[in-house]
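So the mapping is simple: our numbering equals the position in the sequence shown, first residue as 1, plus 132.
Just so you know, even glycine gets a beta-carbon here, dropped at the ideal spot from N, CA and C.
For reference, the structure is listed below as structure tokens.
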Amino acid sequence: MERLKQYLPILKNPNTQQKGNFSIEVLNPEKGDYLLIDSTNKDWFPIHEDIPELLTTQLLYPQTLEHFKQYYANHIEDLGLEFPVLATNQQQLEQRAHFDNFSEDDKFSYDDFENLPFWIAVDAFVHEYYNLSAQEECFVLDIGCGNGRSIERFIPENAKIIGIDISRKMLQKAKKRTQASDALLMVGDATFPPFVEDCFDFCITSGVLSNLPNPTQTCQSIHKILKKGGAHLGLENNKSIFRLPFDILNSFISIWKNKKGKEPEISPKILKRWYAGCNIDIDSKTLVFLPPQMFSKNDVDSAKKRLRKSDNFFKSIGFKKQGGLITFKVSKQ
Ligand SMILES: C[S@@+](CC[C@H](N)C(=O)[O-])C[C@H]1O[C@@H](n2cnc3c(N)ncnc32)[C@H](O)[C@@H]1O
Numbered sequence: 133m134e135r136l137k138q139y140l141p142i143l144k145n146p147n148t149q150q151k152g153n154f155s156i157e158v159l160n161p162e163k164g165d166y167l168l169i170d171s172t173n174k175d176w177f178p179i180h181e182d183i184p185e186l187l188t189t190q191l192l193y194p195q196t197l198e199h200f201k202q203y204y205a206n207h208i209e210d211l212g213l214e215f216p217v218l219a220t221n222q223q224q225l226e227q228r229a230h231f232d233n234f235s236e237d238d239k240f241s242y243d244d245f246e247n248l249p250f251w252i253a254v255d256a257f258v259h260e261y262y263n264l265s266a267q268e269e270c271f272v273l274d275i276g277c278g279n280g281r282s283i284e285r286f287i288p289e290n291a292k293i294i295g296i297d298i299s300r301k302m303l304q305k306a307k308k309r310t311q312a313s314d315a316l317l318m319v320g321d322a323t324f325p326p327f328v329e330d331c332f333d334f335c336i337t338s339g340v341l342s343n344l345p346n347p348t349q350t351c352q353s354i355h356k357i358l359k360k361g362g363a364h365l366g367l368e369n370n371k372s373i374f375r376l377p378f379d380i381l382n383s384f385i386s387i388w389k390n391k392k393g394k395e396p397e398i399s400p401k402i403l404k405r406w407y408a409g410c411n412i413d414i415d416s417k418t419l420v421f422l423p424p425q426m427f428s429k430n431d432v433d434s435a436k437k438r439l440r441k442s443d444n445f446f447k448s449i450g451f452k453k454q455g456g457l458i459t460f461k462v463s464k465q
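This is how it looks when you write it as structure tokens:
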């Protein structure tokens, strides 16, 4: 809990969208169970298996609340706190169910997906583009951090890191993977990341905006929580003229399972619209001009070579903006 304690002053209460006056009540450290209490309005959030759920009552996991009811109802009552009455947010819950299942799928899990040589080659390109290793010190929020892939592959170890994701099961994987780092992981919603303004040097959304029901709100929230001069770094599907053949091939030989959000493909123009009213500067690059199925299944070096060669070729003949993926930096001015 030491990591969480360090960050209490920057947390917002997701129900009120106000800075909270948070403290931690110990329940059962062996199970990693605690309460995160906001004394301003006697609101509380469960911390289970050492993972805080800083979510609105529309998104809290019923299973977590059941667990707390079963083991700690008296303790919670003695503190003068009440159990929240759950509401629902259907779209968000469907996304969560998709990724909870994907994280544990025996046939093809998210871990199998991200370890395809194709993705390792893409991530190496993106790592170079973000260039976070050049930072002396920075505070990074990985929004939709999933199983920890983007933390491990893009964020240097000397950074202060918080990762939030709507899926507890993805976070459980991330927790194992990032044990060596100081990352704080929380169940949290990308629509309103629960942090005060002017907090982070960088926010990362890697394959996340395309899943969301309201990416405009997410970008507006990111703009608030970034420091001036900070940047939103992202990787998404690009709005490309090659999208249709990519999608048709993937429907026959599927190598990923996506649950599309409101706007599943993006472009600099769309980013500008999501950031309407914000003083920003956008830089972007597209990549991947061959279908992922054409990359080696088990040789990372060949996948990297093929990616570099094919990208250079298509860009040299005038298709610079038409790669299947887009990676971007939106800087807050
Ligand atoms: C395609 S995965 C990307 C994971 C990771 N960033 C990566 O690069 O591998 C999308 C992630 O977004 C998360 N997600 C979807 N909707 C979300 C929301 N409303 N708030 C936070 N995370 C969300 C999913 O649970 C999932 O882990």
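Regarding leucine 422 and ligand 1, is the C-beta to nearest heavy atom distance less than 7 Å?
Stepping through the sequence shown from its first residue, residue 422 is reached at position 290. No, ligand 1 has no heavy atom inside 7 Å of this Cβ.
Use the C-beta contact count for threonine 220: other C-beta atoms within 10 angstroms, 16 or more gives buried, fewer gives exposed.
Locating residue 220 in the sequence shown gives position 88, where the first residue counts as 1. Exposed.
Under three-state DSSP, which class holds tryptophan 176?
Taking the sequence shown and counting its residues from 1, one reaches residue 176 at position 44. It is a strand residue.
Would you report the Cα separation of isoleucine 398 and serine 342, rounded to the nearest angstrom?
Here residue 398 corresponds to residue number 266 of the sequence shown, with the count starting at 1. Here residue 342 corresponds to residue number 210 of the sequence shown, with the count starting at 1. Distance between the alpha carbons of isoleucine 398 and serine 342 is about 8 Å.
Considering only heavy atoms of ligand 2, list every residue whose Cβ is less than 5 Å from one of them, following chain order.
Ligands present in the displayed structure are limited to ligand 1, and ligand 2 is not among them.
What is the residue span of the alpha helix (DSSP H) that asparagine 233 lies within?
As a working note, residue 233 is residue 101 in the sequence shown. First-last of the alpha helix (DSSP H) with asparagine 233: 222-236.
Specify, as a first and last residue, the run of the beta strand (DSSP E) that valine 462 falls within.
The residue given as residue 462 occupies position 330 in the sequence shown. Run containing valine 462: 457-464, per the beta strand (DSSP E) assignment.
Could you tell me the alpha carbon to alpha carbon distance between phenylalanine 460 and serine 442, rounded to whole angstroms?
Working through the sequence shown from its first residue, we reach residue 460 at position 328. Working through the sequence shown from its first residue, we reach residue 442 at position 310. Cα to Cα, phenylalanine 460 sits roughly 20 Å from serine 442.
Inter-residue CB distance, leucine 167 and proline 178 (contact presumed, cutoff 8 Å)
As a first step, residue 167 is located in the sequence shown; it is residue number 35 there, counting from the start. As a first step, residue 178 is located in the sequence shown; it is residue number 46 there, counting from the start. The pair is a contact, with the Cβ atoms about 7 Å apart (cut-off 8 Å).
Exposed unless 16 or more other CB atoms sit within 10 angstroms - verdict on serine 448:
Within the sequence shown, numbered from 1, the residue matching residue 448 stands at position 316. Serine 448 is exposed by the Cβ-count criterion.
Where does glutamate 395 land, buried or exposed, given buried means 16+ other C-beta within 10 angstroms?
For the purposes of this step, residue 395 is identified with residue 263 of the sequence shown, where counting begins at 1. With 16 or more Cβ atoms within 10 Å of its Cβ, glutamate 395 is classed as buried.
In chain order, which continuous runs of the alpha helix (DSSP H) of length 4 or greater are located wholly inside the stretch 224-300?
242-246, 249-262, 281-286
Would you tell me roughly how many angstroms separate the C-alpha atoms of aspartate 413 and valine 319, rounded to the nearest one?
Sequence index remark: in the sequence shown, residue 413 carries index 281 (1-based). Sequence index remark: in the sequence shown, residue 319 carries index 187 (1-based). Spanning the two alpha carbons is a distance of roughly 30 Å.
Whose C-alpha, out of Ala408, Arg438, Val272, Glu134, is nearest the C-alpha of threonine 337?
Here residue 337 is taken as the residue at index 205 of the sequence shown, counted from 1. Measuring from the Cα of threonine 337, the nearest candidate turns out to be Val272.
Given a threshold of 16 other Cβ atoms within 10 Å of its Cβ, counted over all protein chains shown, does aspartate 210 qualify as buried or as exposed?
Along the sequence shown, read from residue 1 onward, the residue named residue 210 stands at position 78. Under this definition aspartate 210 is an exposed residue.
In angstroms with no decimal places, state the Cα-to-Cα distance between phenylalanine 374 and glutamine 454.
Start at 1 with the first residue of the sequence shown, and residue 374 comes out as number 242. Start at 1 with the first residue of the sequence shown, and residue 454 comes out as number 322. Straight-line Cα distance between these residues: approximately 7 Å.
Alpha carbon to alpha carbon, how far is asparagine 173 from proline 424? Give it in angstroms, no decimals.
Looking up residue 424 in the sequence shown gives position 292. Looking up residue 173 in the sequence shown gives position 41. Their Cα atoms are separated by approximately 50 Å.
Nearest-angstrom beta carbon gap, isoleucine 287 and aspartate 274 [assumed within contact, 8 Å]:
As a working mapping, residue 274 is identified with position 142 in the sequence shown. As a working mapping, residue 287 is identified with position 155 in the sequence shown. The Cβ separation is near 7 Å, so the contact holds.
Apart from the five residues just before and just after glutamate 246, which ones in its own chain have a Cβ nearer than 6 Å to its Cβ?
Indexing the sequence shown from 1 puts residue 246 at position 114. Once the five neighbours on either side are set aside, the close Cβ partners of glutamate 246 are Arg281.
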